[in-house]
Amino acid sequence: MTGQHATSQDTQTQESQAVQSDSPERELYLDAAASDAVPASVIEAMTPFLTEGYGNPSSVHASGKTAARALDAARASFATDLGAHAGDVIFTSGGTEADNLAVKGIALAQIRRERETRAAAASASTPTRASTPIPASASQHSPAHRILISAVEHPAVAQSAQWLHDFFDFEVVRIPVDAQAHIDLDALSREARRGATLACIMMANNEVGTIEPVSRAVRICHDAAVPVHVDAVQAAGTIPVDFRGLDADTLAVSGHKFGAPKGLGALLTRSRVAIEPIVSGGGQERGLRSGTPNVAGAIALAVALHEACAGIEERDAHLAASRDALIKAICEAVPGATLTGDPVNRLPGHASFTFPNVNGEALLVDLDARGIEVSSGSACAIGRHEAPGTLLAMGLSETEAKSALRFSFREPLHHTDIRRIAQALRASMTALHAM
Ligand code: PLP
10 MTGQHATSQD TQTQESQAVQ SDSPERELYL DAAASDAVPA SVIEAMTPFL
60 TEGYGNPSSV HASGKTAARA LDAARASFAT DLGAHAGDVI FTSGGTEADN
110 LAVKGIALAQ IRRERETRAA AASASTPTRA STPIPASASQ HSPAHRILIS
160 AVEHPAVAQS AQWLHDFFDF EVVRIPVDAQ AHIDLDALSR EARRGATLAC
210 IMMANNEVGT IEPVSRAVRI CHDAAVPVHV DAVQAAGTIP VDFRGLDADT
260 LAVSGHKFGA PKGLGALLTR SRVAIEPIVS GGGQERGLRS GTPNVAGAIA
310 LAVALHEACA GIEERDAHLA ASRDALIKAI CEAVPGATLT GDPVNRLPGH
360 ASFTFPNVNG EALLVDLDAR GIEVSSGSAC AIGRHEAPGT LLAMGLSETE
410 AKSALRFSFR EPLHHTDIRR IAQALRASMT ALHAM
């Protein structure tokens, strides 16, 4: 079995090498913010837990114990690389589920508290008073029924907040951002002082790469006794993340952004914040996420994150240098190309632009035909022909927002690649009569 696998892999490798040497115009994948390759080392580390150590970690026999030990070790390593404690980690099926668990789970815990308070008040009151109807919920937009979210949150957060509005009448307060997508801290402070069950602030923006002032945002919210959920999906494994140091209450990460397979992620949680599970069952993951744990997946997450974090500062410096070279080359090749997001305080392998006189989807398709794979913003908006929400929140017009492209990468780009991208963009713009 193993031998056969090795043989077919070897053949594939030879074939892809042949294609690469025949074709100087190999594809350039510049969409790492959407998803990325899984390194062989990660596959090697997880495979034994699919083929040999496949026991259920909840089983009491030897195979179960082996799996449980591996899961514990993965959890400990994963936590260390994010500045967390092993007990903080709830493994999930990815960033979307982690965001849902934080946003819905914290709000549902608030609803449970209110029910318990009402039930206690009802049982303590006299029979006459008990017959007085008890309101079904706290006043609709009481401080406890408000959720603050930055105006540039990913749909995994924004739609979870919307769900709380639709089903439980929560007020969703969108905190504005400036023209580079930084959250308005004064507005956050004002709204936090009016009270809220939760504030959600992303660590780094997926569409324009801006790194948000999350430390200051957490302090502002905590001063007003508002817990904070941080969506660190684009940050974890890309820039250093220190969960305990940041003092966030919950933090979401996603494995496929840093070299683990898709469908794996985690929510880091502090025990001081109450969370209701949104997936019920056998009570795994501290009762917060039932379901048989994905042991091989947890190992993949831990190994991928560890590799991504090794030498992260040095790698980020190289990435940022090639990002800046790419920005310069694109702005020189396409007059009118405008960098979006913070020009300096941005993800090191992330460059995003708007282009004049062109639709981003058309440009993307033309570039794809030239072997350059990019994105027109958030992968989630693609196919729906929507303008990237972050750009609209930054004050761009619908037309400008629809002309956006994002170039994202986890390995520094070679200068020949940068030249090729700039030339291809120029050729695509010309072909589309945009210059
Ligand atoms: N949050 C952000 C900022 C993201 O960029 C993404 C995905 O791109 C998600 C959440 C969702 O993560 P996942 O793809 O693991 O569900």
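Just so you know, my numbering puts 379 at position 370 of the sequence shown, and the rest follows in order with no gaps.
Note that CB positions come from ideal geometry on N, CA and C, so glycine has one too.
Cut-off 7 Å between Cβ atoms - residues of its own chain near residue i, not counting five sequence neighbours on either side
i, result
"residue 31", "Because the pLDDT of residue 31 is 41, which lies under 50, any placement of that residue in the model is unreliable, and the question is left without a value."
"residue 3", "Here the chain has residues from 10 to 444 only, and residue 3 is not among them."
"residue 194", "222, 225, 226, 229"
"residue 65", "73, 76, 301"
"residue 36", "380, 382"
Same chain only: Cβ atoms within 8 Å of residue i, ignoring 5 sequence neighbours per side
i, result
"residue 114", "284, 285, 286, 287, 297"
"residue 439", "none"
"residue 147", "With a pLDDT of only 47 at residue 147, under the threshold of 50, the placement of this residue in the model should not be trusted, and no figure is reported."
"residue 425", "none"
"residue 126", "none"
"residue 3", "Outside the shown range of the chain (10 to 444) lies residue 3, about which nothing can therefore be said."
"residue 316", "48, 50, 51, 268"
"residue 196", "184, 185"
Check: residue i C-beta below 7 Å from any heavy atom of the ligand PLP
i, result
"residue 159", "no"
"residue 215", "yes"
"residue 265", "yes"
"residue 288", "no"
"residue 238", "no"
"residue 163", "yes"
"residue 105", "yes"
"residue 251", "no"
"residue 189", "no"
"residue 211", "yes"
"residue 168", "no"
"residue 171", "no"
"residue 274", "yes"
"residue 108", "yes"
Range of the contiguous alpha helix (DSSP H) that encloses residue i
i, result
"residue 77", "71-90"
"residue 252", "252-255"
"residue 4", "The question about residue 4 has no answer here: the residues shown for the chain are numbered 10 through 444."
"residue 331", "321-342"
"residue 377", "369-378"
"residue 126", "104-133"
"residue 174", "164-177"
Where the beta strand (DSSP E) through residue i begins and ends
i, result
"residue 155", "155-159"
"residue 359", "359-363"
"residue 438", "Looking at the DSSP string, residue 438 is not in any beta strand (DSSP E); the run it does join, the alpha helix (DSSP H), is 424-440."
"residue 276", "274-278"
Option in the options with minimal Cα separation from residue i
i, options, result
"residue 53", "277, 397, 306", "306"
"residue 91", "104, 343, 244", "244"
"residue 8", "37, 330, 251", "Residue 8 lies beyond the stretch modelled for the chain, which goes from 10 to 444, so this question has no answer here."
"residue 411", "300, 316, 160, 400", "400"
"residue 256", "61, 97, 86, 421", "97"
"residue 44", "443, 418, 442", "418"
"residue 210", "375, 49, 112", "112"
"residue 467", "249, 207, 212", "The chain is shown from 10 up to 444; residue 467 falls before or after that span and cannot be answered."
"residue 266", "133, 372, 105, 130", "105"
"residue 160", "179, 188, 176", "188"
"residue 84", "303, 212, 353, 280", "303"
"residue 321", "421, 415, 343", "421"
"residue 368", "331, 406, 132, 340", "406"
"residue 260", "240, 248, 274", "240"
"residue 408", "365, 415, 376, 416", "365"
"residue 58", "78, 377, 70", "78"
"residue 376", "346, 56, 441, 395", "441"
"residue 435", "403, 395, 423, 381", "381"
"residue 404", "247, 242, 186", "186"
"residue 336", "352, 323, 326, 324", "352"
"residue 398", "40, 350, 432", "350"
"residue 183", "176, 177, 166", "166"
"residue 163", "178, 151, 190", "190"
"residue 292", "128, 100, 262, 121", "100"
"residue 119", "86, 444, 179, 248", "179"
"residue 431", "355, 413, 334", "334"
"residue 355", "254, 38, 61, 247", "247"
"residue 443", "253, 348, 396, 342", "342"
Cβ shell of residue i (< 6 Å), same chain only, five flanking positions each side left out
i, result
"residue 181", "156, 170, 174"
"residue 102", "272"
"residue 279", "258"
"residue 340", "346"
"residue 6", "Given a span of 10 to 444 for the chain in the structure shown, any question on residue 6 remains unanswerable."
The ligand ZN heavy atom lying under 7 Å from the CB of residue i
i, result
"residue 242", "Looking at this structure, you won't find the ligand ZN anywhere; what it does contain is the ligand PLP."
Cβ pair count under 8 Å reaching 3, the segment 354-367 against the segment 213-224
yes
So does the segment 169-177 actually touch the segment 220-229, counting three or more Cβ pairs closer than 8 Å?
no
Inspect the CB distances between the segment 235-250 and the segment 200-208 and report whether three or more fall short of 8 Å.
yes
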